[in-house]
Each structure stands twice: as structure tokens, then as C-alpha cells.
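Enquirer: Sequence order for the protein chains is A and B.
The opening residue of the first sequence carries number 56 in the working numbering; numbering runs sequentially from there.
The opening residue of the second sequence carries number 753 in the working numbering; numbering runs sequentially from there.
We put the beta carbon where it would ideally sit given N, CA and C, even for glycine.
Source: prediction; values computed, not measured.
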Amino acid sequence: MKNLIYLRDVVTLRLDRDKCSGCGMCLEVCPHGVLAIDEKRVRFRNRDACMECGACSRNCPVGAVSVEAGVGCAAAVINGMLNRQSATCGCFVDPKNPSGGRAGGTCCS
Amino acid sequence: MMKVCANDSPKKQVLLPMAPLAAGAASDSQTEMSPPRLEQAFVTGSVAGPSGRIPRVSSALTWCDRWGAIKARWGVGRMHYAVDPGLYALGSPDDGSPVLATANYKMSFDCLREALPGRDAWVLVLDTEGINVWCAAGKGSFGTEELVRRITASGLKDIVKHRNLILPQLGAPGVAAHLVRKQSGFKIHYGPVLARDVAAYLDAGLRATGEMRRKTFPVRERAVLIPIELVATLKPAMIIIPILLLISGFGGERGFLQNMAQDGIFSVLAFLCAILSGAVLTPLLLPYLPGRAFTTKGIVIGLPIAVALIYAWGGDLHGWRDILFGGSWLLLIPAFSAYLAMNFTGASTYTSLSGVKREMRWALPLEIGAGLSGFAALLVSRFI
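1. Please identify the residue among B:Asn1095, B:Leu919, B:Ile911 and B:Gly957 whose C-alpha is closest to the C-alpha of Phe1158 of chain B.
2. Would DSSP call Tyr833 of chain B helix, strand or coil?
3. Are any of the Cβ atoms in chain A nearer than 9 Å to that of Asn1095 of chain B?
4. Report yes or no: do three or more beta-carbon pairs, one from the region 826-841 of chain B and one from the region 916-934 of chain B, lie closer than 8 Å?
5. Would Ala889 of chain B and Pro925 of chain B qualify as a contact pair, given that the criterion is a beta-carbon distance under 9 Å?
6. In the DSSP assignment, the alpha helix (DSSP H) including Ala951 of chain B goes from what residue to what residue?
7. Within a Cβ cutoff of 8 Å, which residues of the same chain sit near Leu982 of chain B, ignoring the five residues on either side of it in sequence?
8. Please determine if the region 1094-1107 of chain B and the region 59-75 of chain A are in contact, where contact requires at least 3 C-beta pairs separated by less than 8 Å.
9. For Lys1143 of chain B, count neighbouring C-beta atoms within 10 Å of its own C-beta (all shown protein chains included) and say buried if the count is 16 or more, exposed if not.
10. Val1059 of chain B to Val126 of chain A, Cα distance in whole Å?
11. Can you round the beta-carbon distance between Ile1085 of chain B and Ser1029 of chain B to whole angstroms, since I take them to be within the 8 Å contact cut?
12. With DSSP collapsed to three states, give me the class of Phe99 of chain A.
13. What separation, rounded to the nearest whole angstrom, lies between the Cα atoms of Thr796 of chain B and Arg808 of chain B?
14. Among the candidates B:Met1094, B:Glu897, B:Lys858 and B:Trp886, whose CA atom is the shortest distance from the CA of Cys108 of chain A?
15. Check the DSSP bridge columns for Asn856 of chain B and list the partner residues they point to.
16. With H, G and I counted as helix, E and B as strand and the rest as coil, what does DSSP make of Lys1109 of chain B?
17. Does the structure place the region 923-940 of chain B close enough to the region 109-123 of chain A that three or more beta carbon pairs sit under 8 Å?
18. Which residues, taken in chain order from the region 1017-1047 of chain B, show a beta carbon closer than 8 Å to some beta carbon of chain A?
19. Residues in its own chain within less than 6 Å of Ser844 of chain B by CB, not counting five upstream and five downstream?
20. Look at the alpha carbon of Met964 of chain B and the alpha carbon of Asp949 of chain B, and state the distance between them as a whole number of angstroms.
21. In angstroms, rounded to a whole number, what distance separates the CA positions of Asp85 of chain A and Cys128 of chain A?
22. By the 9 Å beta-carbon criterion, what residues does the region 1100-1122 of chain B contribute toward chain A?
23. From this set, B:Ala1129, B:Ile991, B:Val875 and B:Tyr1040, which residue's C-alpha is nearest Val971 of chain B's C-alpha?
24. How many angstroms separate the CA atom of Ala928 of chain B from the CA atom of Gly937 of chain B?
25. Taking only three categories from DSSP, how would you classify Val795 of chain B?
26. Count Cβ pairs between the region 818-832 of chain B and the region 849-863 of chain B that sit closer than 8 Å; are there 3 or more?
27. Apart from the five residues on each side of it in sequence, which residues of its chain come closer than 7 Å, Cβ to Cβ, to Leu1055 of chain B?
28. Return helix, strand or coil for Tyr719 of chain B, following the three-state DSSP convention.
29. Between the C-alpha atoms of Tyr1063 of chain B and Leu1024 of chain B, what's the straight-line distance to the nearest angstrom?
30. From Glu866 of chain B to Pro944 of chain B, what distance separates their C-alpha atoms?
31. Return the CA-CA distance between Gly1016 of chain B and His1070 of chain B, expressed in angstroms with no decimal places.
32. Going along chain A in order, which residues have a C-beta closer than 7 Å to the C-beta of Leu922 of chain B?
33. Closer than 9 Å, Cβ to any Cβ of chain A: which residues of the region 958-983 of chain B, in chain order?
34. Would you say Gly1067 of chain B lies against chain A (beta-carbon separation less than 9 Å)?
35. Can the beta-carbon of Phe1046 of chain B be found closer than 9 Å to that of Met1094 of chain B?
36. Do the CB positions of Ala1128 of chain B and Ser1089 of chain B come within less than 9 Å of each other?
The following block contains the structure:
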């Protein structure tokens, strides 16, 4: 099976090639082969394959990679809209029963 | 056996503070940082550490472990399927053995040790509140701060001579390797995406192939997620099915019960087909369905199912009543299917938040619109 690709031209991933030191950490942590390095500078290889997990920007020691990281989960977005806390991972904290720990969510396998 | 399994739940689950990373909770973090208990069901012994016994585990999973995993896949006890965080010995590790980090979701922990038969290693389990590595990294609980705390609390520096720590690659969204090194002295090596490649990664001298670094979404991985998708539909179904049966009873020349037995059963069947379409067939056929948006995929499979079902039902499409009734399901099945398919974005391994938000901007109004018009048509069809 070829790699699955989601929507085109939507992700928030940005590169600042001037800051890049060419360490290659972003390439190592990216689960979708989004980035490549040419002449010691990072570049896009397949930008639409980015899922905004944030691994690259978190592990870039010089701040050359930035992305608005988040979890691509419709259920979590709906939870957020319904004011259930923490729109990540579909696992939210029940506001009525905060001591009950985390509840619900369908995405964390 | 079941009793032994029940002991697996960690001791402080309900006492966890709301904001686990909040600073200043000195007494809390003290108890949180106590070493993992030896009396957890999967612990097979212990080895001596500089400050007390370290629980030993085996790479062989028991039926109890497997049963726990099956239950978690079906949503039973899934939110508290956790092991105590802290350091474990896999086999008989010494001061030169590799250290592998993982989450305290028991399925993650089991997956890792099962992948390392006959090997000796240290396993450093982070407190992710029973959430798997990737989701926890996204939330930050599998993160720099927790990792550094756990390295210190476990006394790892006195247990191994080297300063290398192997993390699952999917932990990277939460962990800044350069900061961990600065704060703890340990160098992070990102291992492969899948636990089953860890042995090969170790043998290759901590080198992962390009393939090991890619997160794919093969049919087996999509299939194991179906049970939890179905369980999620269970609660709404328990409300919707009786309503459908009740509505079907009204109107027409036949009696209430007879209506229920005919149109009611058809409605329930149609509803179940929509669930089948959105929560089973869409995940299974995901790469083969046209469209990039999950909603499109859900419609593409829901619409033919709706047409086939209505055709098989064989209503009298000359009468308004049957046209409305059939038409309502022509809307409702694709709407339900599309909604469930859209919610599968969270389980998938390649959707971005920006993408999901863009999809939802048109998909959610479409699904709600089709759902409401379908329901209206269904209601009207009972009373003309």
C-alpha cells in the first residue's frame, strides 16, 4: 500500500532554511518522510504528507522548523467545540466530574 | 485468572492530579515517583538496584496480558489499562545494557517487551496516564519534563554506565532530544516507529532503515481499530434504535405493531448498515475509496449501500409515503456513514489538525443538514 496522503496545501509546516544547521534530526523523527536535506539545508520533500505531529519542530535545536502542532481528530475538534476540555486525542476531562479522571475518546489505540 | 488480571490497575490512578505536569506539587510528585510495585501481575521477579529492588519482566506475554489487550480493544477498562511508571528489568540486564523508554499504557509496554525475546534491557516507563506513546507525545505527557524526572527518580545514572536512551520515534512530538541531553546528560536515540523493529535496530548499532521510520496504516492496523469505533456507536445506537422503532409505528393503514415489524425493522437495519458503512467498511477500504477527505469516503460507500437497501426493500415509489420514507434513508445512511468516517480521522495515522478543520468546515454542515432533512422526511412520511 502506498503512503496515504490527506488534504492538499493545508498544513502549517514552515521552514527557515537560513537557520538550518543541517543536523538532520527533523528527518529522523518525521513519520511521513516530509523533509529532506540538500547541501546542509532542510527542504520539503512531500509537504502534503505532513500530519502536524510537531516532532520535527520540537526536536529542532535551532528553531528552523515550525508547525502548529495538533492531533488531526474530528472527534477531538467536536469535543473542543462542545466545551469539553482538552481537544486532543479525543480524551477529555469531564468538567462535571474532574476527579473521575479521563473519559471517552475513540482515537487512542 | 481474572482475579490476577484485576490487580494490574496501578495504585494511584484516581489520585493523579488534574494537571499532572503542574509544578509545586512536591508531595504528589514524591508519591508519583515511587518505584513500580513488584506485586503487579506481569512481574516475574526482581533484580537488585542501588536503591531497592527493580521489578523484572519477561518478553513472554501470558494469556492474562493478551486477554487484557483484547478487552482494551473493545473499550473494556481501556482508560485504566496501565502499569506503574518507573524502571523495569527485561531479562537480566547489567550496567551496559540498553535502556528503552515507553508509555505506561499496558499495551505499549507489552508490545515492547514481547518484541525483545531473549534480550536483556532496561525499560523506563513514563507516566502517560495509561495513554499510548504517540497520543501521549501529542498531549505532552510523554514529554521532556516527565522523561527527565523519570530518569532522575529511577536512579538510572547509577544503574547504567552509558548515557544513551532509546525512545520510540513516535515519542518525538513530545520530547526535545537536545533539551533532555542538557537537563539529564542522557543522549536520546530515536528508535523505529514499531516495537517489532527494535531488535533489528539494536543489532544494527542503533540505526533504523528509512522504512522503519515511516508510519504506515496497513489493513491489519486499521482492522484492530474497528471494535473501538463500534463501541463508540453503541451508546447513541441505544437511543436511536428505540426512537426509530417508535416512529415507524405511526401512520399508514396497518396497525402500530405491524408497522413496527415492517418499517421499524427496516429502519433499524438501515441504521445498522450506516454504522457498518462508516465504522467498518470505511476503515477497511480506506486507501481504495476515492477522495482525500474522510467524509467523501464515507459517502462514497454509504450512498450505494443506501440505494441497494432501498431497492431491496421494494417500496411503492408511486406513493408519497414510500418516496419520503425511502428518501429519508437515502439521506440518513450516507449522513451517518460520513460522520463516522470523519471521526475515523482521529484513529488514522496521517491526518493533520489543519486538514481536519478544513474538512469539517464543509463536512459537518453537510452531515447535520442531511441528517436533519432525512429525519424530517422520516417523520413526515409517517403522518401523510
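Expert: Reading off the structure:
1. Nothing can be reported for residue 1158 of chain B: it is not among the residues displayed for chain B, which extend from 753 to 1136.
2. coil
3. yes
4. no
5. yes
6. Taken as a continuous stretch (DSSP letters only), the alpha helix (DSSP H) holding Ala951 of chain B covers Val950 to Asp955.
7. Excluding positions up to five away in sequence, the list reads Ile1027, Ala1031 and Val1032.
8. yes
9. Limits of chain B in this structure are 753 at one end and 1136 at the other, which puts residue 1143 of chain B out of reach.
10. 35 Å
11. 7 Å
12. strand
13. The alpha-carbon separation between Thr796 of chain B and Arg808 of chain B amounts to approximately 6 Å.
14. The residue from B:Met1094, B:Glu897, B:Lys858 and B:Trp886 with its alpha-carbon nearest to that of Cys108 of chain A is B:Trp886.
15. Beta-bridge pairing links Asn856 of chain B to no other residue.
16. helix
17. yes
18. Cβ contacts with chain A come from Leu1038, Pro1039, Arg1044, Ala1045 and Phe1046.
19. Asp872
20. 7 Å
21. Per the sequence presented here, residue 85 of chain A reads as Cys, with Asp not at that position. Distance between the alpha carbons of Cys85 of chain A and Cys128 of chain A is about 19 Å.
22. Listed in sequence order: Ser1100, Thr1101, Tyr1102, Thr1103, Ser1104, Leu1105, Ser1106, Gly1107, Val1108, Lys1109, Arg1110, Glu1111, Met1112, Ala1115 and Leu1116.
23. B:Tyr1040
24. Between Ala928 of chain B and Gly937 of chain B, the C-alpha separation is close to 13 Å.
25. coil
26. yes
27. Pro1086
28. With chain B covering only 753 through 1136, there is no way to say anything about residue 719 of chain B.
29. 17 Å
30. A straight line joining the alpha-carbon of Glu866 of chain B with that of Pro944 of chain B spans about 15 Å.
31. 21 Å
32. Pro86
33. Within the region 958-983 of chain B, those residues whose Cβ lies closer than 9 Å to any Cβ of chain A are, in chain order, Ala960, Gly962, Arg965, Arg966, Lys967, Thr968, Phe969, Pro970, Val971, Glu973, Val976, Leu977, Ile980, Glu981 and Val983.
34. no
35. yes
36. no
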